[in-house]
Structure formats: C-alpha cells, structure tokens
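Worksheet: the structure to be examined is printed underneath.
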Amino acid sequence: MPNGKTVVTTTAVQNSHKEVELKSVTFSELWNNYAHGNPYDDPNG
Numbered sequence: 904m905p906n907g908k909t910v911v912t913t914t915a916v917q918n919s920h921k922e923v924e925l926k927s928v929t930f931s932e933l934w935n936n937y938a939h940g941n942p943y944d945d946p947n948g
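Residue numbers (the numbering used here): 904 to 948.
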C-alpha cells in the first residue's frame, strides 16, 4: 500500500501545522502499472 490513511485533527491553536509524509508516485510508475488491453472485458462475466 503506497500511503496509509492519515487523520489530522483540528486544534484551537492558530496557524498550527502538521507534517504528513506521503510517498510520491512518478508518471513512469503510473504508466507502467496502467491496465493493459481491455480492462472492461471481464472473463468471468
């Protein structure tokens, strides 16, 4: 799983910040994992 669920709660502190680390994905990674062929052709019906 690339990124887990992140929950950020609000506070009464003005201008407060919370850093959230997320894994970035490159275009090449997206393209290489794109469905090939007809993704709507379900062999199971």
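C-beta atoms are modelled at their ideal positions from N, C-alpha and C, and glycine is treated no differently.
_Cβ neighbours of Lys926 in the same chain (closer than 7 Å, five flanking residues each side left out)_ = The residue labelled residue 926 in the question sits at position 23 within the sequence shown. Only Pro905 and Asn906 meet the Cβ criterion.
*Using three-state DSSP, classify Leu925 as helix, strand or coil.*
The residue you call residue 925 lines up with position 22 of the sequence shown. Leu925 carries a coil assignment under DSSP once its states are collapsed to helix, strand and coil.
*Since Val923 contacts Thr909 with CB under 8 Å, what's their CB separation in whole angstroms?*
Start at 1 with the first residue of the sequence shown, and residue 923 comes out as number 20. Start at 1 with the first residue of the sequence shown, and residue 909 comes out as number 6. Confirmed, about 5 Å.
*How many Å lie between Thr912 and Asn918 at the Cα?*
For this step, residue 912 is matched to residue 9 along the sequence shown. For this step, residue 918 is matched to residue 15 along the sequence shown. A direct Cα-Cα distance of roughly 14 Å separates Thr912 from Asn918.
*Could you give the DSSP three-state label for Asn941: helix, strand or coil?*
Residue 941 sits at position 38 when you count from the first residue of the sequence shown. Asn941: coil per DSSP, three-state reduction.
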